[in-house]
Every structure is written in structure tokens, then in C-alpha cells.
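A.B. asks:
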Amino acid sequence: MKKLYSKSKLLAVLSALLIASAMVSCEPKGSNGTDPTGQTTDYPEENYLNYVRIVSEVLEQDAFRVYAYWQGTNNLTGEEQTRLNEEECCPGIIASGYRVYLEQPESGATIYGSQKNVINQIIQGCIDIATEVADAKIGEPYDAGDVYGVESWYSFNSFTDYEDNIISIENSLLGGPEDMRDEKLSICSLVASKSEAGKANADNVKNLIAQAREQLSSFTEPFRDIVLRKANGASTPAIDEVRTTIQSLSAAMDEMKQFVPDDESGAQEIIDHYVQHTVIDIYKDLYDEAGKLKDLVTAYSENPTQENLNAVCSQWKTTRVPWELSEAFLYGPVANYQIDPHLDSWPLSQLNINAIMSSNLDWANEDGSSFGSNTIGFHTLEYLSFKDGAPRVITDLFAKDGYVTIENTGSY
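Residue numbering for the sequence shown is -22 to -1, 1 to 390, as defined by mature numbering (1 follows the signal peptide of the UniProt record, and there is no 0).
#1: Skipping 5 residues on each side, what residues in its chain have a beta carbon closer than 6 Å to that of residue 119?
#2: Where does residue 324 fall in DSSP's three states?
#3: For a test of the three-state rule: what should DSSP assign to residue 6, helix, strand or coil?
#4: Locate the alpha helix (DSSP H) running through residue 183, then write down its first and last residues.
#5: Among 207, 263, 225 and 217, whose alpha-carbon lies nearest the alpha-carbon of residue 196?
#6: Would you mind working out which of 352, 136, 56 and 253 sits nearest residue 324, comparing C-alpha positions?
#7: Could you name the residues that DSSP lists as bridge partners for residue 21?
#8: Work out the CA separation of residue 304 and residue 143 for me, nearest whole Å.
#9: List the residues that DSSP assigns as beta-bridge partners of residue 368.
#10: Using alpha carbons as the reference points, say which of 341, 238 and 331 lies closest to residue 176.
#11: Shortest alpha-carbon distance to residue 26 belongs to which of 341, 371, 369 and 356?
#12: What did DSSP end up calling residue 212 once you bin it into helix, strand or coil?
#13: So is residue 370 buried or exposed if we call it buried at 16+ other beta carbons inside 10 Å?
#14: Can you find the residues in the same chain that come closer than 8 Å, C-beta to C-beta, to residue 291, ignoring five residues on each side of it along the sequence?
#15: Under a Cβ-count criterion, where at least 16 other Cβ atoms within 10 Å of its own Cβ denotes burial, should residue 41 be classed as buried or exposed?
#16: Note down the Cα distance separating residue 331 from residue 181, rounded to an integer number of angstroms.
#17: Counting pairs of Cβ atoms below 8 Å between the segment 56 to 69 and the segment 78 to 98, do you hit three or more?
#18: Using 8 Å as the threshold, is the segment 101 to 119 in touch with the segment 254 to 265, meaning 3 or more CB pairs across them?
#19: Quick check on DSSP: helix, strand or coil for residue 241?
#20: On the criterion of 16 or more Cβ atoms from any shown chain inside 10 Å, does residue 211 qualify as buried, or is it exposed?
#21: Measuring only the C-alpha atoms, how far is residue -12 from residue 327?
#22: With a cut-off of 8 Å, do at least 3 Cβ pairs link the segment 51 to 58 to the segment 302 to 318?
#23: Would you kindly work out how many angstroms separate the C-alpha atoms of residue 30 and residue 295, rounded to a whole number?
#24: Please report the distance separating the alpha-carbon of residue 311 from that of residue 244.
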């Protein structure tokens, strides 16, 4: 998740004020089939269908971009190289890809300088996402009782996202995704092999990962509803417990850095395994699944049936998994080329979404490049497709001839 407050807080505030002034009642409600705002807006059907299509196309291109940047032109297929040349979508891409900086850290072009620094970067990426899950994704909306601050609440996918983030840490430190895992080629094994203190730290990290996953998977109601109860004065102790676990995990991983040895024997194989199976393979999965999502959205935009929308929503959740599994390595191209905010900005801008959906754009020649980050990506597609954790009901969405009816998001 990329929050946009630093770049567009003023727009967010103005948007919130405009929404508030237009609403008769905007008190959040629970997941009982009633949308949280109670207010709706009608948009031209053509605009909605074109917008949802373009959002999916931009998402798919961004998935291709981050994969291509890591692979480099020398490692792309002929078809992928042709696409790269035709779309000119990866300025600054290098032949060997960003992967070379990790695989050959002592080469002249490196930005890391040593294998120890590479391993510390991998650990830091894990610390960053653990801190974000505990503090920003869970803590901030829960502490404030801010139901509109809950990421992925249209689809009720929040806790799944958070657990996938923890799995991203697990994959990074324990030797890759489960189907390709080799614990002998893991950072945990490396630090455990050098000292008893390192072994104790590695065991603690593994135990905290397992505990956090178990706690997150135990929630059976949407995080949105838990936050709503908090806004009404009722706390949920299990939320405090899982936050404490993830904060402890973050601290343990920070401690792990001191056990990364200066002796780099064995580090090369660990880094190579991480780059190929934890990073490249997951980004390739994201690229493949985003392509399927784009095709399903295109079919839906051409024939907006309930069956087609259901397929879009199912594939949205499938595509979401590799993205969340990549959040322990939100460094390199995904950050350098602003791909993270393109794919995953939250909150959305109701003001800008309203403007796009009400506009007279030349949709045949629109590629989304004029849209802001808080009007594209996973969450915009989620908003346009889901309501109360399920696909929108087509007969409600297209109830008025020539228009679609969508409730205001309540987001900023």
C-alpha cells in the first residue's frame, strides 16, 4: 500500500469537505448489505465501462513494468522485448536488470557494495512492511476509528492482504515461497549458523511469523466492521494482540541485522535463490495474473453481465495475492519508478474519480496517463467492482437506462 498524504493531502481534505457537504447522511454502517455512506451518484454508462477497462490496462502494464525492470532486457523473452520497444514504458531499464545489483553487489555498477549490504536490504524490506502492517494498515484506522482508512474494505480483503504481507516476509527470510522453499538457502539459516545468539534470533523471527499468520487468519469478520465498533467505543483485544506480535517481529528482524556475518561464504547462493524465486517469480506471477484480469475486465466492459463481473472480482482477488506477496521488497524499481503508488494507492480521491466518471473524455484514445495515482490501481478497480465484500449487483448498478449508480466511497 502506498499512502498519498505527503503529495496530495490538500486535495484529500478538499475532497472530503466536498463529499461531506453533498451528503445528507454519511454515518458508516456495518456489513449488513447497506453501503457505508448511504449516498449514490449516477454516471454515464459509457464512462464507467471505459474507466474500468483503462484502470485494468494500466494495472497490467505496471505489473509488466516492475517485472521487466527486475529482469532486464537480456532476460526477457522475444515477445516481452517487442512489447517493451513498442510501448516504451520502461525508461532507464538496464540489460541485466535490477537483479544484477543484488546478484553482483561488488561490480562497478552496484549500489550495495557487498553481499552483507544486500542481505541487510532484504531484511530492511521485511522490517518496513511489518511496520506498515502493524502501524499504518491496522493501527492508524483502528486507533482513530476511521472506517474509511481501512484498505481493501470494498472487497473485505483486508486481513487476507495483511497475512500475505507476513508471508512475503516469510518467503524473504525462510528460503522462498513454500513451493520453492529451501531453508538451507535462507537468511534465517545464515544467521543461525554463525552463533548461538544468531540461532536464537532466527528461531524467534520464525516463531513470530507463524504467530502473526495464525492471528491474522483467525479473524472471521471484516476489519471495516471491527474499526466501526472501535469508533463506537468497543475495542477488539485480538487487534492489539496481533499488532504487538507484528511489532515484536519488526524489532526481532532489526536485531537480526547484527547477526549477518562479515564472512560472506554461502551468501551468494542465498541471494541468487531469493532474487529468482522470491522476487522474479512473484513479479512474473503478478504480471501473468494481471493479464488475465485485464482480459476479464475487457470482456465485462463489452458485455456487462453479472457472470462477467463475478469473474472480474474473483480474478481481482487472485491478482491481489502476488502483489501483497511482493510488499517485503518495495525497494528498487517499484519505488524508483513510482509503480507502487500506481498499483496500490490508498485512500482514493473521490473528487478525481467523480471528475473522470462525469467527464467527456475521448475514451478511444485515453490511456490513463492523465489520471492521478489515487484514481487507478487495485483499489479503484475494487471500488468499481465490489460492494460489501461481494461483486456489485448488475441490476442495481445498471438500474437507470444509460447510467450506472455507485455510492460515494467515503474515502478522501
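Glycine included, each C-beta is placed from N, C-alpha and C at the ideal position. Fair warning: this is a prediction, and the values are worked out from it, not measured in the lab.
C.D. replies: On the basis of the coordinates in this document:
#1: Taking the first residue of the sequence shown as position 1, residue 119 is located at position 141. Answer for residue 119: 127, 128 and 205, listed in chain order.
#2: Residue 324 sits at position 346 when you count from the first residue of the sequence shown. In this structure, residue 324 counts as strand in the three-state DSSP scheme.
#3: What you label residue 6 is simply residue 28 of the sequence shown in a count that begins at 1. Interpretation of residue 6 is limited by its pLDDT of 33, a score under 50 that renders its predicted location unreliable; the figure taken from the coordinates is listed afterwards. It is coil, neither helix nor strand.
#4: Position 205 of the sequence shown, counted from the start, is the residue given in the question as residue 183. Segment 174 to 195, the alpha helix (DSSP H) holding residue 183.
#5: On the sequence shown, residue 196 is found 218 positions in, with the first residue counted as 1. Among 207, 263, 225 and 217, the Cα nearest to that of residue 196 belongs to 217.
#6: The residue labelled residue 324 in the question sits at position 346 within the sequence shown. With distances taken between Cα atoms, residue 324 lies closest to 352.
#7: If you number the sequence shown from 1, residue 21 lands on position 43. DSSP, once it has assigned bridges, lists 382 as partnering residue 21.
#8: Position 165 of the sequence shown, counted from the start, is the residue given in the question as residue 143. Position 326 of the sequence shown, counted from the start, is the residue given in the question as residue 304. Straight-line Cα distance between these residues: approximately 8 Å.
#9: Against the sequence shown, residue 368 aligns to sequence position 390. Answer is 365, bridged to residue 368.
#10: Residue 176 sits at position 198 when you count from the first residue of the sequence shown. Ranking 341, 238 and 331 by Cα distance to residue 176 puts 238 first.
#11: The residue labelled residue 26 in the question sits at position 48 within the sequence shown. Here the closest residue by C-alpha is 341.
#12: For the purposes of this step, residue 212 is taken as residue 234 along the sequence shown, with counting starting at 1. DSSP places residue 212 in coil when its eight states are reduced to three.
#13: The residue labelled residue 370 in the question sits at position 392 within the sequence shown. Buried: at least 16 other Cβ atoms inside 10 Å.
#14: Here the question's residue 291 lines up with position 313 in the sequence shown. Taken in chain order, the residues that qualify are 133, 363, 364, 368 and 369.
#15: Taking the sequence shown and counting its residues from 1, one reaches residue 41 at position 63. Classification for residue 41: buried.
#16: Translated into positions along the sequence shown, residue 331 becomes position 353. Translated into positions along the sequence shown, residue 181 becomes position 203. Between residue 331 and residue 181, the C-alpha separation is close to 47 Å.
#17: no
#18: no
#19: As a working mapping, residue 241 is identified with position 263 in the sequence shown. Coil at residue 241, not helix or strand.
#20: Counted from its first residue, the sequence shown places residue 211 at position 233. The residue in question, residue 211, is exposed, as its Cβ has fewer than 16 Cβ neighbours within 10 Å.
#21: For this step, residue -12 is matched to residue 11 along the sequence shown. For this step, residue 327 is matched to residue 349 along the sequence shown. Caution applies to residue -12, whose pLDDT of 36 falls short of 50 and renders its modelled position unreliable; the value that the coordinates give is listed next. In a straight line, the C-alpha of residue -12 is about 8 Å away from that of residue 327.
#22: no
#23: In the sequence shown, counting from the first residue as 1, residue 30 sits at position 52. In the sequence shown, counting from the first residue as 1, residue 295 sits at position 317. When rounded, the distance between both Cα atoms is 16 Å.
#24: In the sequence shown, residue 311 corresponds to position 333, counting from 1. In the sequence shown, residue 244 corresponds to position 266, counting from 1. Those two C-alpha atoms are separated by around 27 Å.
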